[in-house]
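Accompanying notes for the structure given below.
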Amino acid sequence: MAKILMMAGSTVVVLSLLGFLVLLLKGRAVTKTSPVLRSLKALGIRPSEAEQRLCRQRVWVGNDTLMTPREQHFFRALLRHTSRTRWLLCPQVRVADIATLSPHIRPRSRTWWQLFRMASQWHCDVVGVVSENGIYGHSRFCNTDFDDKLACLNLSGV
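FYI, our numbering numbers position 98 of the sequence shown as 175, with every residue one higher than the one before it.
Here it is as structure tokens:
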């Protein structure tokens, strides 16, 4: 009797493991291809490894804070000494969002793209935008770039 129970128990365990393995393999086979990858393939474009990773797995992890502790300290001090009715202070702003390339550089040219990529990687730690009649615009602004090794205040356009 004990042998029969052991055989039955072993059979149940083996069948359970086989069933789990089948479900696991079936799940991998049914994994949906990203709509972006399908579109690229439909257009005859071979997706790069980076594009495949972006579509298949989580490649970005959020940071705990937007600014370093020194930048936060500086920003708090700036808030204490700035008129909030006159200035809107915006942390971590890309240079490409507050400045455009000179019109003499041909738009979308190779040089234009190289310069744009550079500007899109740079940022100002704090941008202060002047309020004129309650409307914040880019016509006058102050940018502050605070390097962790050296504090430096650059005023421009004010």
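Beta carbons are placed, not taken as given, at the ideal position from N, Cα and C, and that holds for glycine.
When the Cα atoms are used, T110 and V99 turn out to be separated by approximately 20 Å.
Counting only runs of 4+ residues, the alpha helix (DSSP H) found wholly inside the region 164–205 occupies 172–175 and 187–198, in chain order. Taking C-beta separations shorter than 7 Å and ignoring five residues to either side along the sequence, G139 has no partners in its chain.
Between V172 and W199, the C-beta gap is smaller than 7 Å, which places the two residues in contact. Here the alpha carbon of A154 sits roughly 51 Å from the alpha carbon of I122. For the 7 Å CB-CB criterion, C167 and V207 do not form a contact. Close CB contacts of A176 within its chain, under the 8 Å cut and outside five residues either way in sequence, are with A196 (chain order). I212 carries a strand assignment under DSSP once its states are collapsed to helix, strand and coil. For secondary structure counted as the alpha helix (DSSP H) over 4 or more consecutive residues, the region 110–142 holds these complete runs in sequence order: 112–119 and 126–133. Taking T188 as the centre and dropping the five residues before and after it, the same chain places the C-beta of I182 closer than 7 Å to its C-beta, in chain order. Taking C-alpha positions only, S186 is separated from F97 by approximately 56 Å. In this structure L192 touches L178 by the C-beta definition: roughly 6 Å separates them, less than 8 Å. Distance from the CA of D202 to the CA of P112, rounded to the nearest whole angstrom, comes to 36 Å. One thing to note: L114 has its Cβ within 7 Å of the Cβ of P124.
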